[in-house]
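As structure tokens, the structure follows; a few thoughts come after it.
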């Protein structure tokens, strides 16, 4: 069986979006439930999802393990997996890592743009690598099966995390810097460190990460995919669309500024373009994954490679990395 | 009028300790009310102090401004000022800085040994200086009158904070590295950056910061004081004893490990000496400030200089730095 999996979305969730997931044949989505939230606020977001699962049982179900994706596909639903773009939900408490995993968290970024207690974000001027606490936290995340996500982290921190972690890590949503030199995109040495340790990277459809931004062509995106796969191995890539659907612009301001600054920080935007950018014409929402699939086929990927990129690679990664580490005997 | 002020204590507070403050003629103490506490937990510590103020009104009173020290002295009480050794009480929320100042906080360390969201601690391998959030927070602390304390911070972060801050900053409790080369003690360039901007440093009596540790002599301590004052100016120094009285050793473990690690971290101690060290014979508790005063006089400091070192220098610093910044017109 093959699966269609998107490893990052943050929509303004609604029945409409869930129906689009079904229409697009999406078997599993990793959804962000924390940007700057504290532990207690994150629990509120788990609660909100519990209500959606109760309200829309024919469309979505909670995803905890890869086997939930198999069940979702059979039952015609989308399995929803939870992740954090920031370690804020664990606050400064290493004991919360296991609690959050028990609640259903499966991905946690060690940083979101800024320096965290654990590592350095991609917008800081300098990156001294993992902190003392970061090294402890990686061990604990490995133990419980909470995947390290370095999408918004700085280069050295990412390479150190990939090397120190005993289990593969992920960059759930970003593109190669060689294609679009954005601060959020990843240099070759970073992608190499992640993929050579069995890690995964999800290609992003967020316009600031695309060559030509909103005007990026599907052909260019698929050519980048072919180049990256040629360099680092097709089995280490998938999609992490970073689809931020139906949100007002106030949400992207919250994502950027949280509570850390009283001044506006435009992040990947600018004073003249502070809001969410327009999506490329060929990827507006969950119904458009077929366009990417067609583009990849047209680019010359084999059927198996296309299936891997569209979800099967993430499926295998989920299968191997969400369960607790076997206790050493 | 002259004042006796200790700019850092963290005792296991009790009527006994408050009576010793009175016996020792201590007019004001800056007490630590947070090592790793969240905002809510810190509020519990403000509550605990409110109860002590209610229970022991003839011994202690809440200190908010330098004028409270004048009143305390007249009324025969000790004014208690609050501070944090870690920015944990503000969590990741810049808006909490003004709230905490309103509640009575007057000092906040930007880091406690480890990397924080704001700056680097003295035990990290590398120090990239202030973070993006740290720069925002310094502005806000300046605005409301919450003093930046860099006692447990790394060198570059401290120098950058001293230079960036529009108001003088403090190292409330540490000694010069030239006298006792401990990680927590401060190199000349750090002391220079703080003092040349009008900042203050409080000499510590905590054995790990003393030459010879628990065996340090009063003479050696006073000679170090004379050397530091000769180099950087007598008006920029005072006492920050770091007195940690009557605590069980479990408390020093909490101070070191908090919730950031599942492994023990011995900090300034070691596996063979994990607990609180024994205080030097000439400084056991609040009744022993007279010994230091006598030692400084014997060392040749003038009466005015001794008064400055024993409290008047801190008094002037409190007077100038606890009030909100004048709004620019």
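Residue numbers (the numbering used here), protein chains in the order written: chain A, 133 to 461; chain B, 133 to 461.
Where is the CB? At the ideal position from N, CA and C, for every residue including glycine.
The structure presented is a predicted model; accordingly, all values stated were derived computationally and were not measured.
Problem set entry | Residues bridged to residue 113 of chain A (per DSSP) | Not covered by the structure: residue 113 of chain A. The range shown for chain A is 133 to 461.
For this session: Return the residue from the list B/198, B/214, B/191 that minimises the CA-CA distance to residue 207 of chain B.
Result: Looking up residue 207 of chain B in the second chain gives position 75. Closest option to residue 207 of chain B, Cα to Cα, is B/191.
Problem set entry | Cβ-based neighbour list, residue 340 of chain A, same chain, cut-off 8 Å, excluding 5 preceding and 5 following | Numbered from 1 along the first chain, position 208 holds the residue referred to as residue 340 of chain A. Excluding sequence neighbours, residue 340 of chain A sits near 314, 316, 400, 401, 409.
Problem set entry | Residue-level contact to chain A via CB, residue 268 of chain B, 8 Å cutoff | Position 136 of the second chain, counted from the start, is the residue given in the question as residue 268 of chain B. With its beta carbon less than 8 Å from one in chain A, residue 268 of chain B belongs to the interface.
Problem set entry | Whole-number beta carbon distance between residue 161 of chain B and residue 231 of chain B, since they are thought to touch under 8 Å | Taking the second chain and counting its residues from 1, the one referred to as residue 231 of chain B is at position 99. Taking the second chain and counting its residues from 1, the one referred to as residue 161 of chain B is at position 29. About 23 Å; that fails the 8 Å criterion.
For this session: Compare the C-beta of residue 264 of chain A with all C-beta atoms of chain B and state if any pair is closer than 8 Å.
Result: What you label residue 264 of chain A is simply residue 132 of the first chain in a count that begins at 1. At least one chain B Cβ lies under 8 Å of residue 264 of chain A.
Problem set entry | Neighbourhood of residue 330 of chain A by C-beta, 6 Å cutoff - its chain only, sequence neighbours within 5 removed | Reading the first chain from its first residue, position 198 is the one you call residue 330 of chain A. Excluding positions up to five away in sequence, the list reads 300.
Problem set entry | Within chain B, the residues that residue 249 of chain A reaches when beta carbons sit closer than 9 Å | Residue mapping note: residue 249 of chain A aligns to position 117 of the first chain, counting from 1. By Cβ distance, chain B contributes 246, 247, 248, 249, 392.
For this session: Mind checking the stretch 197-227 of chain A against chain B and listing, in chain order, the residues whose C-beta falls within less than 8 Å of any C-beta there?
Result: Listed by position, the residues of the stretch 197-227 of chain A near chain B (Cβ gap below 8 Å) are 220, 223, 224, 225, 226, 227.
For this session: Look up residue 334 of chain A in the DSSP assignment and give the residues it is bridged to.
Result: For the purposes of this step, residue 334 of chain A is identified with residue 202 of the first chain, where counting begins at 1. Its beta-bridge partners are A/370.
Exercise. Of all Cβ atoms in chain A, is any one closer than 8 Å to the Cβ of residue 357 of chain B?
Worked result: Counting from one through the second chain, the residue named residue 357 of chain B turns up at place 225. With 8 Å as the cut-off, residue 357 of chain B does not count as an interface residue toward chain A.
Problem set entry | Short Cβ contact (8 Å threshold) for residue 163 of chain A with residue 216 of chain A | To locate residue 163 of chain A, count along the first chain from 1; it is residue 31. To locate residue 216 of chain A, count along the first chain from 1; it is residue 84. In this structure, residue 216 of chain A does not lie closer than 8 Å to residue 163 of chain A by Cβ.
Problem set entry | Where the stretch 160-191 of chain B meets chain A: residues whose CB sits under 9 Å from a CB there | Closer than 9 Å at the C-beta level to chain A, one finds these residues of the stretch 160-191 of chain B: 168, 170.
For this session: Could you give the DSSP three-state label for residue 254 of chain B: helix, strand or coil?
Result: Counted from its first residue, the second chain places residue 254 of chain B at position 122. In this structure, residue 254 of chain B counts as coil in the three-state DSSP scheme.
For this session: Take every Cβ of the stretch 284-291 of chain B, pair it with every Cβ of the stretch 255-269 of chain B, and state whether three or more of those distances are shorter than 8 Å.
Result: yes
Exercise. Are the stretch 438-450 of chain A and the stretch 370-383 of chain A touching, with three or more C-beta to C-beta distances below 8 Å?
Worked result: Judged by Cβ distances under 8 Å, the stretch 438-450 of chain A makes contact with the stretch 370-383 of chain A, as three or more pairs qualify.
Exercise. For residue 253 of chain A, is the classification buried or exposed, using 16 other Cβ atoms within 10 angstroms of its Cβ as the cut-off for buried?
Worked result: The residue labelled residue 253 of chain A in the question sits at position 121 within the first chain. Buried, by the Cβ-count rule.
Exercise. Can we say the stretch 349-361 of chain A touches the stretch 178-195 of chain A, given the rule of at least three CB pairs closer than 8 Å?
Worked result: no
For this session: Pick helix, strand or coil for residue 283 of chain A, following the three-state DSSP scheme.
Result: As a working note, residue 283 of chain A is residue 151 in the first chain. Correct three-state label for residue 283 of chain A: coil.
For this session: Could you check the C-alpha separation between residue 382 of chain B and residue 225 of chain A for me, to the nearest Å?
Result: Counting from 1 along the second chain, the entry for residue 382 of chain B is found at position 250. Counting from 1 along the first chain, the entry for residue 225 of chain A is found at position 93. Their backbone Cα atoms lie some 18 Å apart in a straight line.
For this session: Please specify which runs of the alpha helix (DSSP H), each continuous and at least 4 residues long, are wholly inside the stretch 376-401 of chain B, giving them in chain order.
Result: 381-389
Exercise. How should residue 461 of chain A be labelled, buried or exposed, when 16 other C-beta atoms within 10 angstroms of its C-beta is the threshold for buried?
Worked result: Counting from 1 along the first chain, the entry for residue 461 of chain A is found at position 329. The predicted position of residue 461 of chain A is uncertain, since its pLDDT is 49 and thus under 50; no value can be drawn from it.
Exercise. Who are the Cβ neighbours of residue 169 of chain A in its own chain at under 7 Å, not counting the five residues just before and after it?
Worked result: Your numbering for residue 169 of chain A matches position 37 in the first chain. Hits under 7 Å: 177, 220, 221.
For this session: Starting from the beta carbon of residue 309 of chain A, find every residue of chain B whose beta carbon is closer than 7 Å, and list them in chain order.
Result: Translated into positions along the first chain, residue 309 of chain A becomes position 177. Chain B residues near residue 309 of chain A: none, gap ~21 Å exceeds 7 Å.
Exercise. Since residue 265 of chain A contacts residue 392 of chain B with CB under 8 Å, what's their CB separation in whole angstroms?
Worked result: Position 133 of the first chain, counting from 1, holds the residue named residue 265 of chain A. Position 260 of the second chain, counting from 1, holds the residue named residue 392 of chain B. Residue 265 of chain A to residue 392 of chain B, Cβ: 4 Å. Contact.
Exercise. If you run the structure through DSSP and keep just helix, strand and coil, what is residue 314 of chain B?
Worked result: For the purposes of this step, residue 314 of chain B is identified with residue 182 of the second chain, where counting begins at 1. DSSP places residue 314 of chain B in coil when its eight states are reduced to three.
For this session: Determine the DSSP secondary structure at residue 461 of chain B, reduced to helix, strand or coil.
Result: Along the second chain, one-based indexing puts residue 461 of chain B at 329. With a pLDDT of 49 at residue 461 of chain B, under the threshold of 50, the predicted position of this residue should be treated as unreliable, though the coordinate-derived value follows. Residue 461 of chain B: coil per DSSP, three-state reduction.
Exercise. Should residue 406 of chain B be flagged as near chain A, meaning a C-beta pair shorter than 8 Å?
Worked result: Stepping through the second chain from its first residue, residue 406 of chain B is reached at position 274. Not closer than 8 Å to any Cβ of chain A, the Cβ of residue 406 of chain B fails to qualify, so no.
For this session: Grab me the residues of residue 295 of chain A's own chain with a C-beta within less than 8 Å of its C-beta, minus the 5 sequence neighbours each way, in chain order.
Result: Here residue 295 of chain A refers to the residue found at position 163 when the first chain is read from its first residue. By the criterion of a C-beta distance shorter than 8 Å, residue 295 of chain A is surrounded in its chain by 325, 329, once the five residues flanking it on both sides are discounted.
Exercise. Between the Cα of residue 150 of chain A and the Cα atoms of A/210, A/195, A/284, A/181, which residue gives the shortest distance?
Worked result: Position 18 of the first chain holds residue 150 of chain A. Residue A/210 is the option with its Cα nearest to residue 150 of chain A.
Problem set entry | Minimum C-alpha distance to residue 197 of chain B - residue among B/457, B/447, B/458 | For the purposes of this step, residue 197 of chain B is taken as the residue at position 65 of the second chain. Looking at the Cα atoms, B/447 is the closest of the given residues.
For this session: Going by CA-CA distance only, name the one from A/375, A/374, A/346, A/336 that's closest to residue 356 of chain A.
Result: As a working mapping, residue 356 of chain A is identified with position 224 in the first chain. Minimum Cα distance to residue 356 of chain A is reached at A/336.
Exercise. Expressed to the nearest angstrom, what Euclidean distance is found between the alpha-carbon atoms of residue 323 of chain A and residue 352 of chain A?
Worked result: In the first chain, counting from the first residue as 1, residue 323 of chain A sits at position 191. In the first chain, counting from the first residue as 1, residue 352 of chain A sits at position 220. Spanning the alpha carbons of residue 323 of chain A and residue 352 of chain A requires a straight line of approximately 19 Å.
Problem set entry | CA-to-CA distance, residue 304 of chain B to residue 233 of chain B, given in whole angstroms | Taking the first residue of the second chain as 1, we reach residue 233 of chain B at position 101. Taking the first residue of the second chain as 1, we reach residue 304 of chain B at position 172. Cα to Cα, the separation comes out at about 18 Å.
Exercise. DSSP puts residue 409 of chain B in a beta bridge; with which residues?
Worked result: Taking the first residue of the second chain as position 1, residue 409 of chain B is located at position 277. In the DSSP assignment, residue 409 of chain B is bridged to no other residue.
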